[in-house]
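Undergrad:
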Amino acid sequence: GKTLTLGSTYTDLTIENSAPTEGGSAGTFQMQGADLTWTGVTAFSAAKVYSAGGTLTLASGSSLSSTGLIDLSNGSTLVLNGAFGQSGGELTAANATLETAGDFSKTGGTLTSNNATFKLNGNVTASSNTPLSFKALTLNNNVLSFGAQTDNLTLTEELTLNDPNGRIEQGSTALQLNGGVSIDSGGVLRLTDVLNTGSSKVKLNGGLLAIDNDTTLASSILHLAASTIEIAQTKTLTYEGASIEIGASALSIIGGGNFTNTNPLELDHGQSQLNLSGIFANYIRTDSNSLGISVDNSSTVNDFSVEHVTPVSISPNQSFNGLIE
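Dropping the structure here:
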């Protein structure tokens, strides 16, 4: 195979093709910092493409297999204008961005992307026979879901959720968010499986943390602005993180489920307020005079430690039960 080198960042090349053929000994494309675009479906089974700062654009339905290679570095971008499948070969993205507008499927080969950003340009289902790992995820107000075989997604940088349209549908895929997650106003994180943030925090910054299945959360929750934890009826959130200091805003825990916490929910500020709706909570403590507790649907607390002025408001025909110390 021969090598085609694009000599400068201005030497962009578009290949208008409908059914390209690699031939018996496909060659090598050295993009350097230039852009290379295929307008038709392209199957890389032997060809090798290297980019060191350019943009490689592929049509929907393109694929990587056998001994094919796509190597992205130095701020390069791979733009997938639709579905892409990898059944073999090697896709390496070092300090690069993978943008996709369609489903991403990996059934074989090697994907090295732990220092790459995964950016959605449409709703995407990601399926992989090996754990997925990226530096960062940009949802772009789109939905990321996972195929059944995808065991794990790892992100290095903090994930920010700030729009209900930009969300993760977790399914049975474990989330390892090593940079933590910030659920800002309008943002939703709905858990159906494992979430682990390591030493980083789950920041409730005005959004919604929803628990749809029994879940154990070892990561600590940091409450920054009025937020909601929703626990589905009959489901349990077992919280093993540090005490949740409610701070100068309201935290609402709703949904009819159980909040099983070893360390307390703390009313620690004059403007702290805890709103409960159909919830069983294990441990609430006061560290300051506060706005207290509001109950609009009967709730129970196993251990309510009161040492400061703590108003309790209960809606008509509802109850607030448990041990008060």
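What the sequence shown shows, in this note's numbering, is residues 421 to 745, in sequence order.
In this text, a Cβ means the ideal position worked out from N, Cα and C, and glycines have one as well.
#1: Taking the CB atoms as reference points, tell me whether Val601 and Lys623 lie closer together than 8 Å.
#2: Using three-state DSSP, classify Gln596 as helix, strand or coil.
#3: From Arg705 to Ala638, what does the alpha carbon distance come to, in whole angstroms?
#4: Check the C-beta distance from Thr570 over to Ser548 and give it rounded, since I have them as a contact under 8 Å.
#5: Which residue comes first and which comes last in the beta strand (DSSP E) that contains Leu489?
#6: Where DSSP assigns a beta bridge to Asp723, which residues make up the other side?
#7: So which of Gly742, Lys539, Leu711 and Pro736 has the shortest CA-CA distance to Ser725?
#8: For Pro684, is the classification buried or exposed, using 16 other Cβ atoms within 10 angstroms of its Cβ as the cut-off for buried?
#9: Measuring straight from C-alpha to C-alpha, what distance separates Ala536 and Leu644?
#10: Taking 8 Å as the cut-off, decide whether the C-beta atoms of Ser719 and Phe700 are in contact.
#11: Would you mind sorting Lys422 into buried or exposed? The rule is 16 or more other CB atoms within 10 Å of its CB.
#12: My understanding is that Gly542 touches Asn562, with C-beta atoms under 8 Å, so please give their C-beta distance in whole angstroms.
#13: I'd like the list of long-range same chain contacts for Glu665, defined as Cβ closer than 6 Å, with 5 residues on each side in sequence excluded.
#14: What's the gap between the Cα of Lys555 and the Cα of Ser733?
#15: Can you give me the C-alpha to C-alpha distance between Leu500 and Leu696, rounded to a whole angstrom?
TA: Quick look at the numbers:
#1: Their beta carbons are under 8 Å apart, which means Val601 touches Lys623 by this criterion.
#2: Reduced to three states, the DSSP call for Gln596 is strand.
#3: Take the alpha-carbon of Arg705 and the one of Ala638: they are about 20 Å apart.
#4: The beta carbons of Thr570 and Ser548 sit about 5 Å from each other, so the pair counts as a contact at 8 Å.
#5: Element bounds for Leu489: Leu489 to Ser493.
#6: Answer by DSSP bridge pairing, in chain order: Tyr703 and Leu743.
#7: In terms of CA proximity to Ser725, Gly742 leads the group Gly742, Lys539, Leu711 and Pro736.
#8: Of the residues assessed, Pro684 falls on the buried side of the cut-off, its CB having 16 or more other CB atoms within 10 angstroms.
#9: Annotation: Ala536 to Leu644 spans about 29 Å, alpha carbon to alpha carbon.
#10: When the beta-carbon positions are compared, Ser719 and Phe700 come within less than 8 Å of each other.
#11: Flag for Lys422 reads exposed.
#12: Right, their Cβ atoms sit about 6 Å apart.
#13: So the qualifying residues of the chain are Glu686 and Asp688.
#14: The straight-line gap from Cα to Cα measures roughly 45 Å.
#15: Cα to Cα, Leu500 sits roughly 46 Å from Leu696.
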